[in-house]
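Worksheet for the structure shown next.
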Amino acid sequence: LKLLLSRRANWLQKDLEEMTPLHLATRHPSPKALALLLKHIGPGEVDTQDKNKEAAPTESLLNWQDYEGRTPLHFAVADGNEAVVEVLTSYEGCNVTAYDNLFRTPLHWAALLGHARIVHLLLERNTSGTIPSDSQGATPLHYGAQSNNAETVGVFLSHPTVKDEPDLEGRTAFMWAAGKGSNDVIRTMLALTPNLDINMADKYGGTALHAASLSGHVSTVKLLLERGAMVDALDVMKHTPLFRACEMGHRDVILTLIKGSAHVDLVDVDGHTALHWAALGGNAEVCQILMENGISPNVQDQAGRTPLQCAAYGGYITCMAVLMENNADPNIQDKEGRTALHWSCNNGYLDAVKLLLGYNAFPNHMEHTEERYTPLDYALLGGHSEVTQFMLEHGALSIAAIQDIAAASIQAVYKGYTVRKAFRERKQLLMRHEQLRKDAAKKREEEQRRKEAVQKIVPASAEKQKVPLERVEVEKPSLVSIVENLTINDSMVETKKKSKMGRIKVKEDRHKGTKWEKKLKV
Numbered sequence: 003l004k005l006l007l008s009r010r011a012n013w014l015q016k017d018l019e020e021m022t023p024l025h026l027a028t029r030h031p032s033p034k035a036l037a038l039l040l041k042h043i044g045p046g047e048v049d050t051q052d053k054n055k056e057a058a059p060t061e062s063l064l065n066w067q068d069y070e071g072r073t074p075l076h077f078a079v080a081d082g083n084e085a086v087v088e089v090l091t092s093y094e095g096c097n098v099t100a101y102d103n104l105f106r107t108p109l110h111w112a113a114l115l116g117h118a119r120i121v122h123l124l125l126e127r128n129t130s131g132t133i134p135s136d137s138q139g140a141t142p143l144h145y146g147a148q149s150n151n152a153e154t155v156g157v158f159l160s161h162p163t164v165k166d167e168p169d170l171e172g173r174t175a176f177m178w179a180a181g182k183g184s185n186d187v188i189r190t191m192l193a194l195t196p197n198l199d200i201n202m203a204d205k206y207g208g209t210a211l212h213a214a215s216l217s218g219h220v221s222t223v224k225l226l227l228e229r230g231a232m233v234d235a236l237d238v239m240k241h242t243p244l245f246r247a248c249e250m251g252h253r254d255v256i257l258t259l260i261k262g263s264a265h266v267d268l269v270d271v272d273g274h275t276a277l278h279w280a281a282l283g284g285n286a287e288v289c290q291i292l293m294e295n296g297i298s299p300n301v302q303d304q305a306g307r308t309p310l311q312c313a314a315y316g317g318y319i320t321c322m323a324v325l326m327e328n329n330a331d332p333n334i335q336d337k338e339g340r341t342a343l344h345w346s347c348n349n350g351y352l353d354a355v356k357l358l359l360g361y362n363a364f365p366n367h368m369e370h371t372e373e374r375y376t377p378l379d380y381a382l383l384g385g386h387s388e389v390t391q392f393m394l395e396h397g398a399l400s401i402a403a404i405q406d407i408a409a410a411s412i413q414a415v416y417k418g419y420t421v422r423k424a425f426r427e428r429k430q431l432l433m434r435h436e437q438l439r440k441d442a443a444k445k446r447e448e449e450q451r452r453k454e455a456v457q458k459i460v461p462a463s464a465e466k467q468k469v470p471l472e473r474v475e476v477e478k479p480s481l482v483s484i485v486e487n488l489t490i491n492d493s494m495v496e497t498k499k500k501s502k503m504g505r506i507k508v509k510e511d512r513h514k515g516t517k518w519e520k521k522l523k524v
């Protein structure tokens, strides 16, 4: 290197990745080569780039960034070369807060890789007085917390300028540590930060316990519960840590939370229970645990969906079988009329369809929407030929077929109504005729009794009056019959005719109404 420099070698030359000899010199464990190069580089001798790769004449080659935005200090920190870092940072112009293309400073890389001594050195050489953050608002402390390097975190927390500031999502380094299961960091932070709020929530309401439960770190969950974390803390969706664990199927975390008095029957803003989330993830074992702890398999969310429908949507047949073994009803319809069979047919899950029909799922439930689709319609619309064939073999009908059957039934009912109406009218007519016949017969019987009574009364009355009488029929006697009974001559007849039979007298029996005729002499 000395020879090359003495022969005026171009130490400003850059390779295809925009790296200078200074970048490469930082990769060597010994700082001697670096120190030799730095003697030939004076401040301001070479223009360097800013973050947009534009010229920045106020900076030196010491802060030159390669194609990925890395300065020589980035390389030295990444290698954990404390001696080289000390040499570079000894120069006043060295920028210890320079960002690479990932918006990470050398301090971020030192924290992430757990180089505690380099972290301390960079903090001491940082004259800006502020701790840089990346594009997501995460500070080097966040990076140190997730790497479970308690020593590095301890260095940060011991520095007066460092605080556990939240990132753009409102998550603190403590939450990052919980999400990564960094138990050593959690203990260190709790020890060095007496006022740390273990239940502090991010902008979505999630706590450290939410983060640990979601990631499945059972030991971290136990640690947080021991230190006073709220077991049923709610985020903005009203999800507890148990919900997060059920969603991901972390069995041991779920058992730990339940043992820690977590309520299993809570619902979120959409009416979902922990069982809904377990079913959505197809976690059969978790579903069994939750049902054993009191959750009903037929609980419905605000849309009317059951855990079985959630499992059917994903085609999780093991989970579906566990639910139905625990009396989950496959025929429950949601608010739009869909059943678990609708969802299985919609997504073409033949095994799920077979399972549901095996548990007596009704194949012809119709939606409550305008289309009134059946499960078979869903299979047809999705182009699932095997599901369609299987459904047809088991009595499934499309809405069109159901409408045809309904139309035929309506016609049959109407025809039957017409026949029944005619029959009723005929029956009423016959009943009326029968009543008239009975009335007529009754009237004849009464007339006959009246006649018999007259026959018993009238002869005795006539003998008492000693008037020769002749029984006359009820009908009025004709003129001819009266004349024939009279003994008269022709002239008398002529006189009678002229008087229009005015001298014929008829006596009536006013009591019985029977007419009697008396023969008179003219």
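In terms of our numbering, the sequence shown is residues 3 to 524.
For each residue, glycine too, the CB sits at the ideal point set by N, CA and C.
Local Cβ density within 10 Å of residue i, reported as buried at 16 or more and exposed below that
| i | result |
| --- | --- |
| glutamate 249 | buried |
| methionine 293 | buried |
| arginine 307 | buried |
| isoleucine 459 | exposed |
| glutamine 450 | exposed |
| tyrosine 206 | exposed |
| arginine 340 | buried |
| leucine 170 | exposed |
| glutamine 430 | exposed |
| alanine 147 | buried |
| methionine 433 | exposed |
| tyrosine 101 | buried |
Sub-7 angstroms separation of residue i and residue j beta-carbons
| i | j | result |
| --- | --- | --- |
| glycine 172 | isoleucine 200 | no |
| leucine 310 | alanine 342 | yes |
| alanine 180 | alanine 210 | yes |
| lysine 240 | valine 266 | no |
| glycine 208 | valine 233 | no |
| glycine 317 | tyrosine 361 | no |
| glycine 71 | asparagine 103 | yes |
| proline 332 | alanine 281 | no |
Assigned secondary structure, residue i (DSSP; H/G/I helix, E/B strand, else coil)
| i | result |
| --- | --- |
| isoleucine 297 | coil |
| histidine 144 | helix |
| glutamate 228 | helix |
| methionine 393 | helix |
| phenylalanine 77 | helix |
| aspartate 441 | helix |
| phenylalanine 364 | coil |
| cysteine 248 | helix |
| histidine 386 | coil |
| arginine 452 | helix |
| valine 238 | coil |
| arginine 72 | coil |
| alanine 354 | helix |
| threonine 222 | helix |
| asparagine 348 | helix |
| aspartate 102 | coil |
Residues of its chain near residue i, where Cβ-Cβ distance is below 7 angstroms and the 5 sequence neighbours each way are ignored
| i | result |
| --- | --- |
| asparagine 150 | Lys182, Ser184, Asp186, Val187 |
| alanine 381 | Cys347, Val389, Thr390, Met393 |
| valine 220 | Asp254, Val255, Thr258 |
Cβ-based neighbour list, residue i, same chain, cut-off 6 angstroms, excluding 5 preceding and 5 following
| i | result |
| --- | --- |
| glutamine 391 | none |
| histidine 344 | Pro377, Tyr380 |
| asparagine 128 | Val98 |
| glycine 273 | Asp303, Gln304 |
| alanine 118 | Glu153, Thr154, Val157 |
| glycine 251 | Gly283, Asn285, Val288 |
| methionine 326 | Tyr361 |
| leucine 244 | Leu259, Ala264, Ala276 |
Cut-off 8 angstroms between Cβ atoms - residues of its own chain near residue i, not counting five sequence neighbours on either side
| i | result |
| --- | --- |
| isoleucine 291 | Arg253, Ile256, Leu257, Ile260 |
| leucine 123 | Glu84, Val87, Glu88, Thr91 |
| glycine 296 | Val266, Asp267 |
Chain B within 7 angstroms of residue i, Cβ atoms only
| i | result |
| --- | --- |
| threonine 73 | Of the protein chains in this structure there is only one, and it is not chain B. |
- Message: Report the start-end ranges of each alpha helix (DSSP H) in the region 106-136 that is 4 residues or longer and not cut off at the edges.
- Response: Listed in chain order, the complete alpha helix (DSSP H) runs (minimum 4 residues) inside the region 106-136 are 108-115, 118-127.
- Task: Entirely within the region 152-192 and at least 4 residues each: give me those alpha helix (DSSP H) ranges in chain order.
- Result: With a minimum length of 4 residues, the unbroken runs of alpha helix (DSSP H) contained wholly in the region 152-192 fall at 152-160, 175-181.
- Message: Suppose only complete runs of 4+ residues qualify. What are the alpha helix (DSSP H) ranges in the region 298-345, listed by chain order?
- Response: Entirely contained in the region 298-345, the alpha helix (DSSP H) runs reaching 4 residues are, in chain order, 309-316, 319-327.
- Message: My parser needs the alpha helix (DSSP H) runs of 4 or more residues fully inside the region 264-298; what are they?
- Response: If you keep only unbroken alpha helix (DSSP H) runs of at least 4 residues inside the region 264-298, you get 276-282, 286-294.
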